[in-house]
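If you count the sequence shown from 1, you need to add 108 to reach this note's numbering. Just below is one structure, and these are the notes that go with it.
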Amino acid sequence: MKKLKGIVFVIIGAASYGILATFVKVAGKEGFSTASITLSQFLVGFLVLTLLDLKKKPVVTGQGSDKYKLLSGGTCLGLTSTFYYLSVQYLPVSVCIILLMQTIWMGILVDCVRDKKKPATGQLLAIVVVLGGTFLATGFTGGGEWNLIGVCWGLLAAVSYTGAMYAANHIATHRSLFYRSKLLVLGGLLAILIFWNIRIAEGFRPEVLWHYGLILALFGTILPPVFFTRGFPLVGMSLGSVLAAIEIPVSIATAHIVLQEQVSSWQVVGCGLVILGMIIPNLRIKKVLLAAVCLFAVIPLKAATIDTLKVVSRSMHKEITTLGIKAGEGKCASRVCIACI
Numbered sequence: 109m110k111k112l113k114g115i116v117f118v119i120i121g122a123a124s125y126g127i128l129a130t131f132v133k134v135a136g137k138e139g140f141s142t143a144s145i146t147l148s149q150f151l152v153g154f155l156v157l158t159l160l161d162l163k164k165k166p167v168v169t170g171q172g173s174d175k176y177k178l179l180s181g182g183t184c185l186g187l188t189s190t191f192y193y194l195s196v197q198y199l200p201v202s203v204c205i206i207l208l209m210q211t212i213w214m215g216i217l218v219d220c221v222r223d224k225k226k227p228a229t230g231q232l233l234a235i236v237v238v239l240g241g242t243f244l245a246t247g248f249t250g251g252g253e254w255n256l257i258g259v260c261w262g263l264l265a266a267v268s269y270t271g272a273m274y275a276a277n278h279i280a281t282h283r284s285l286f287y288r289s290k291l292l293v294l295g296g297l298l299a300i301l302i303f304w305n306i307r308i309a310e311g312f313r314p315e316v317l318w319h320y321g322l323i324l325a326l327f328g329t330i331l332p333p334v335f336f337t338r339g340f341p342l343v344g345m346s347l348g349s350v351l352a353a354i355e356i357p358v359s360i361a362t363a364h365i366v367l368q369e370q371v372s373s374w375q376v377v378g379c380g381l382v383i384l385g386m387i388i389p390n391l392r393i394k395k396v397l398l399a400a401v402c403l404f405a406v407i408p409l410k411a412a413t414i415d416t417l418k419v420v421s422r423s424m425h426k427e428i429t430t431l432g433i434k435a436g437e438g439k440c441a442s443r444v445c446i447a448c449i
């Protein structure tokens, strides 16, 4: 029962992240700047988390440096939203979410550098699969819509997201949920103020705070950390990472329903490969190798089988004609054999 609750918590947290980009796109079409949208999200989120933290008893354990570590780690959180929302201004939401998910292989590299060890076979295969899926999903095959500036912003968002995940999982984990979340969001708010500086005041409209600040704060800076912190300990990092892949289809489906964004078949295949790349590192090595062998063997095996059947069909045609059966009947029989293939 506890594991089932953990699964539900992780799915809700990931799905919350998935709908953010669509609301940002809608807000941009209404004339709100990226600076004001990002500021409103983190300002409202910080105020709400501060109120929630006031209800908790103060925690005396830990070092005084925890506060500064959390603030530093929170800068990655603020930069992630900033870069991600900038990419949304240039690219479809379905492409932006795939670029953000490059944190899959970036996180693998960070773990390898930190632990000073080579990546496992499953991890290497996951990197290849994710990069291949990204190539298809971003439209580099010629059938999609993409912009180099938007791609750069999306990749920068992935780098920042990797740093934010590292901070959330390794910094001051002994502190309370709302205390950590509050300081991480505050660090993100400070990063946003520094990044945008005076441009925040240019064309700032206060109504952005209640039009979009509340909903973006709810789904971007309040619900995800609460549900992730409660869910991941119950399901573990491996299963939790797989469940977090729900963010991709939720983001694409929301954009399709609300924004009427068209998704090509290549993008669907690419999204599937990215999700597969999230699952592969959590499989046992034998299953990974079996999947790889099946992937590369099915197509040649199918082609060889078809060729063999065609050869057999032609041989039957020759035998039929040599036995003195009418040529028309022999050709008909041959066509039937080939058609069955």
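Ideal Cβ placement from N, Cα and C applies to all residues, glycine included.
Residue i to residue j span [Cα, whole Å]
{"i": "residue 256", "j": "residue 199", "result": "9 Å"}
{"i": "residue 119", "j": "residue 313", "result": "34 Å"}
{"i": "residue 308", "j": "residue 360", "result": "29 Å"}
{"i": "residue 159", "j": "residue 141", "result": "28 Å"}
{"i": "residue 269", "j": "residue 112", "result": "27 Å"}
{"i": "residue 150", "j": "residue 290", "result": "10 Å"}
{"i": "residue 123", "j": "residue 139", "result": "26 Å"}
{"i": "residue 351", "j": "residue 143", "result": "31 Å"}
{"i": "residue 267", "j": "residue 221", "result": "15 Å"}
{"i": "residue 184", "j": "residue 272", "result": "5 Å"}
{"i": "residue 343", "j": "residue 115", "result": "7 Å"}
{"i": "residue 229", "j": "residue 218", "result": "16 Å"}
{"i": "residue 209", "j": "residue 192", "result": "11 Å"}
{"i": "residue 331", "j": "residue 232", "result": "32 Å"}
{"i": "residue 285", "j": "residue 294", "result": "14 Å"}
{"i": "residue 388", "j": "residue 152", "result": "38 Å"}
{"i": "residue 320", "j": "residue 225", "result": "44 Å"}
{"i": "residue 363", "j": "residue 202", "result": "7 Å"}
{"i": "residue 173", "j": "residue 282", "result": "13 Å"}
{"i": "residue 187", "j": "residue 327", "result": "17 Å"}
{"i": "residue 197", "j": "residue 336", "result": "28 Å"}
Status (buried if at least 16 other CB within 10 Å, exposed otherwise) for residue i
{"i": "residue 370", "result": "exposed"}
{"i": "residue 109", "result": "exposed"}
{"i": "residue 176", "result": "exposed"}
{"i": "residue 375", "result": "buried"}
{"i": "residue 296", "result": "buried"}
{"i": "residue 484", "result": "It is not possible to answer for residue 484, since the shown part of the chain is limited to 109 through 449."}
DSSP-derived helix/strand/coil call for residue i
{"i": "residue 109", "result": "coil"}
{"i": "residue 199", "result": "coil"}
{"i": "residue 209", "result": "coil"}
{"i": "residue 383", "result": "helix"}
{"i": "residue 225", "result": "coil"}
{"i": "residue 118", "result": "helix"}
{"i": "residue 255", "result": "coil"}
{"i": "residue 311", "result": "coil"}
{"i": "residue 140", "result": "coil"}
{"i": "residue 279", "result": "coil"}
{"i": "residue 371", "result": "coil"}
{"i": "residue 284", "result": "coil"}
{"i": "residue 173", "result": "coil"}
Own chain partners of residue i with C-beta closer than 8 Å, once the 5 adjacent residues on each side are dropped
{"i": "residue 77", "result": "This structure cannot speak to residue 77, because the chain is shown only from 109 to 449."}
{"i": "residue 146", "result": "186, 189, 190, 193, 300, 304"}
Sequence-distant residues of its chain with Cβ nearer than 7 Å to residue i (five each side left out)
{"i": "residue 385", "result": "212, 234, 237, 238, 241"}
{"i": "residue 353", "result": "383, 386"}
{"i": "residue 61", "result": "In the structure as shown, the chain starts at 109 and stops at 449, and residue 61 therefore has no counterpart that could be examined."}
Residues of its chain near residue i, where Cβ-Cβ distance is below 6 Å and the 5 sequence neighbours each way are ignored
{"i": "residue 261", "result": "191, 194, 195"}
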